[in-house]
Structure formats: structure tokens, C-alpha cells
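Asks: Quick note, the sequence shown lines up with residues 472 to 574 if you use this note's numbering.
Note that the Cβ used here is the ideal one computed from N, Cα and C, for glycine as well.
Starting off with a structure, shown below.
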Amino acid sequence: MAERKKLAIIDGKSVFYRGYYAMPNLSTRDGIPTGGVFGFATMALELIKKLQPDYVCIAWDKPKTNIRKRLEIYPEYKAGRKPAPPDFYTQIPILHDLLDAFG
């Protein structure tokens with residue numbers, strides 16, 4: 472019987488969020504914030520090293536569309552969460568570039 476392949480699915484925004492707050496002051500020499508990108512990469516690579524999957528998928532929520540449906544079901548969803556700082560969002564395109572480079 473053929474060996475089963477392993478797939479690791481990573482919740483992209485959740486891991487990025489954790490990475491961002493784990494490395495809040497990390498930036499390039501030019502002052503571009505990169506803590507979220509570095510934190511995400513560190514956690515994702517550790518997961519890959521531990522699980523040794525054949526494939527890796529990074530899943531992302533669609534911007535703003537999913538939250539409306541979630542709020543219909545559960546109005547208190549993320550009710551107490553403060554908006555993320557602006558440099559949180561400026562790092563997401565950098566992370567997407569990194570993920571594209573990984574293939």
C-alpha cells in the first residue's frame with residue numbers, strides 16, 4: 472500500500488498575529504517593521520520541522536467578508552479586541568512575498 476502523504480495547514484493570520492506580538496519591535500535597518508513576518512516564519516518553520524509534512528498550505532480569511540457572517544451567528548465575536556496597529560497591516564504584503572518565494 473502506498474504511503475499516505477501529510478498535509479500541514481497553517482492559519483496564516485492567526486500565526487502572523489502571534490508572531491507580530493511576539494516580536495513587536497523588530498525592523499529592518501531602514502525602519503520597516505518585520506516582527507510579524509519573522510515571528511510567522513519562525514513558527515511555521517518550527518512546525519514544518521516538527522511535523523515533516525509533504526505539503527504545506529497557508530490559509531487566510533477573506534478580508535472583512537467572513538466577519539459579517541460570524542457576527543450574525545455570534546454578535547460578541549471579537550467584541551473586545553482592539554484594532555491592530557497600522558504596522559501590522561503593512562507587514563502582510565511582505566509576508567505574502569516571503570510565502571511566494573517559498574513556493
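#1: Could you check how far apart the C-beta atoms of D568 and A530 are, in whole angstroms? I think they sit under 8 Å.
#2: Which same chain residues, not among the five before or five after N452, have their C-beta less than 7 Å away from its C-beta?
#3: For the beta strand (DSSP E) that contains I480, what are its first and last residues?
#4: Taking the alpha carbon of T499 as the point to measure from, which residue in L516, Y526 and V508 has its own alpha carbon closest?
#5: How should Y560 be labelled, buried or exposed, when 16 other C-beta atoms within 10 angstroms of its C-beta is the threshold for buried?
#6: Excluding five sequence neighbours on each side, which residues of the same chain lie with their C-beta closer than 6 Å to the C-beta of L522?
Replies: Answer, in terms of the structure:
#1: Numbered from 1 along the sequence shown, position 97 holds the residue referred to as residue 568. Numbered from 1 along the sequence shown, position 59 holds the residue referred to as residue 530. Not a contact, Cβ separation roughly 18 Å.
#2: The first residue shown for the chain is 472 and the last is 574, placing residue 452 beyond what the model contains.
#3: To locate residue 480, count along the sequence shown from 1; it is residue 9. Counting along the chain, the unbroken beta strand (DSSP E) around I480 starts and ends at L478 to D482.
#4: The sequence position of residue 499 within the sequence shown is 28, counting from 1. Distances from the CA of T499 to each of L516, Y526 and V508 were compared; the closest alpha carbon is that of V508.
#5: For the purposes of this step, residue 560 is taken as residue 89 along the sequence shown, with counting starting at 1. Answer is exposed; the Cβ neighbour count stays below 16.
#6: Here the question's residue 522 lines up with position 51 in the sequence shown. Shown here for L522: same chain residues with a beta carbon closer than 6 Å to its own, the five before and five after excluded, namely A479 in chain order.
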